[in-house]
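*Asks:* Just so you know, we're using the numbering used here here: the sequence shown kicks off at 22 and counts up by one.
For glycine and all other residues, C-beta sits at the position ideal for the given N, C-alpha and C.
If you're wondering where the values come from, they're calculated on a predicted model, not measured in any experiment.
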Amino acid sequence: MNIIDERMFKFLLKSIRTWGPFEYLMAVFAASFNNEILTYVWIIAFVSVPISYGTSVICCLLPILISKATCYLKEKICRERPTLYQPRIEALMFEFRKKDSNYSMPSCDSAQAAAFWTFFCKHTWMPWWIGILMTIGTMFSRVYYMCHYPTDGLVGAFIGMMIALLMDYIILG
Numbered sequence: 022m023n024i025i026d027e028r029m030f031k032f033l034l035k036s037i038r039t040w041g042p043f044e045y046l047m048a049v050f051a052a053s054f055n056n057e058i059l060t061y062v063w064i065i066a067f068v069s070v071p072i073s074y075g076t077s078v079i080c081c082l083l084p085i086l087i088s089k090a091t092c093y094l095k096e097k098i099c100r101e102r103p104t105l106y107q108p109r110i111e112a113l114m115f116e117f118r119k120k121d122s123n124y125s126m127p128s129c130d131s132a133q134a135a136a137f138w139t140f141f142c143k144h145t146w147m148p149w150w151i152g153i154l155m156t157i158g159t160m161f162s163r164v165y166y167m168c169h170y171p172t173d174g175l176v177g178a179f180i181g182m183m184i185a186l187l188m189d190y191i192i193l194g
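1. If you count every other CB in all the chains shown that lies within 10 Å of the CB of Val21, and 16 or more means buried, which is it?
2. Is there contact here, the region 96-113 with the region 138-155, by at least three beta-carbon pairs under 8 angstroms?
3. Within the continuous alpha helix (DSSP H) that includes Cys99, where are the two ends?
4. List the endpoints of the continuous alpha helix (DSSP H) containing Pro171.
5. Beta-carbon separation of Ser131 and Ala51 under 8 angstroms?
6. Per DSSP, what kind of secondary structure is Ser77 in: helix, strand or coil?
7. The ligand ADP and Gly177: does any heavy atom of the ligand fall closer than 7 angstroms to the residue's C-beta?
8. Less than 8 angstroms between the beta carbons of Ala134 and Phe54, yes or no?
9. In the DSSP assignment, find the unbroken alpha helix (DSSP H) run with Trp14 in it and report its ends.
10. Is Pro42 helix, strand or coil by DSSP?
Here it is as structure tokens:
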């Protein structure tokens, strides 16, 4: 899988060109589901969805379950993060890789994004396609900043979505 990922995104991982103002948007996606910000993101969900005991439990437990599941899988899979290309790091306006010292597969940020947007779109007026685009934005930004390979994001998003739907089904019926 590593070889497929590297071939698919070799142009991005080895490029010293950045996307100018677009990089600011990528930075928002890359940072929005980091552990430092995650609590605030879920507070938004908590105050946005119709309040019930079940939705409150989901808002509290879902981010913890996602973090535990992805940390467990990272230790079992042991996939190294993408090789850093120094000229690319120097060209980027923002650096997110310093914080990532654990393994790569699956992406916890992508899992958190998918879980949040699955829950948020299911319980609010937000259309599904917006949640899907926002999750893809998080997945792509993690690749853009050399934190993950594309399949890390895909697997993480799948895990996040499945855990969110499963918790929703178990708790809310």
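*Replies:* The structure says:
1. What the structure shows of the chain is the stretch from 22 to 194, and residue 21 is not part of that stretch, so it cannot be assessed.
2. no
3. Per DSSP, Cys99 belongs to no alpha helix (DSSP H) and is neither H nor E.
4. 171-193
5. no
6. helix
7. Of ligands this structure carries none, so the ligand ADP is not represented either.
8. yes
9. No answer is possible for residue 14: the residues shown for the chain start at 22 and end at 194.
10. coil
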